[in-house]
Structure formats: structure tokens, C-alpha cells
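Counting from 47, one number per residue, gives the positions in the sequence shown under this note's numbering.
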Amino acid sequence: WFGWYGFNCGSTLGMGSAAQGTMAAQVAMNTTLAAATGGLVVLVLRYALYRKYDISGMCNGILAGLVSITAPCGNVECGSAVLIGLIGALVYQGSSMLLQKLK
């Protein structure tokens, strides 16, 4: 998760002005919100499905949220970042269940 801050916030190409600093802060907040949402959504979904907490699934949900927010992180508001993390988590969970079924 830490590396995503360097990548996403570093994509603002500096913090020499107030506008660039504000953009980097927005990017960091969006990155955090999407990752946290992705992890929590997968944790809750897997608990609802299997009646046990799946921490590795939660970590994969965090990764799904991070991957989902990488492209638009500087162009969306915080509510949209939460929605993007949610969608990324649902896509991950659906794909994971499909792969398990196809085994």
C-alpha cells in the first residue's frame, strides 16, 4: 500500500506550489479511501458467504481498490473514490468466485 502513495502522489510531479500540494493531498486521500473500501467490502462479503474472516481476501480487496483508483486518482472526488474501491472489490470477488468454480 505504501508504494502506491509514492506512485500516485508522485505523479503530481512536485509540490512546489499550493495547487500541486493540494492535488497530492487529494490523490493520497483518494488512494486511501479506495484501498480501505476495497479491503472492507471483500472482508464483509467473505464473512457473509463463508462465516469466517478471510484476511488474505481482505488484502486482495485492498489491492483491487488500489489498482482501481490508480488511473483516476487525481480526477475524482472522495465519494467517487469510495465507489471505485467498491466496484474494484466486487469485480475481484466475482472473479475469484468464478475461478474457484471453474477449477
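Ideal placement from N, C-alpha and C gives every residue a C-beta, glycine not left out.
field: As assigned by DSSP and simplified to three states, the class of Y93
entry: helix
Just to confirm the assignment, what range does the alpha helix (DSSP H) spanning Y99 have? Here Y99 belongs to no alpha helix (DSSP H), and DSSP marks it neither H nor E.
Any idea if T138 is buried or exposed, counting beta-carbon neighbours within 10 angstroms, 16 or more meaning buried? Note that residue 138 is Tyr in the sequence shown here, rather than Thr. Classification for Y138: buried.
By Cβ distance below 8 Å, which residues in the same chain neighbour G67 in space, the five residues on each side in sequence not counted? If we look at G67 and ignore the five residues flanking it on each side, its Cβ neighbours are M61.
Next item on the list: Tell me whether the beta-carbon of N106 lies closer than 9 Å to the beta-carbon of N76.
Entry: no
- Message: Just to confirm before moving on: does the CB-CB distance between A193 and G111 stay below 9 Å?
- Response: A query on residue 193 cannot be resolved here, the shown segment of the chain reaching from 47 to 149 and no further.
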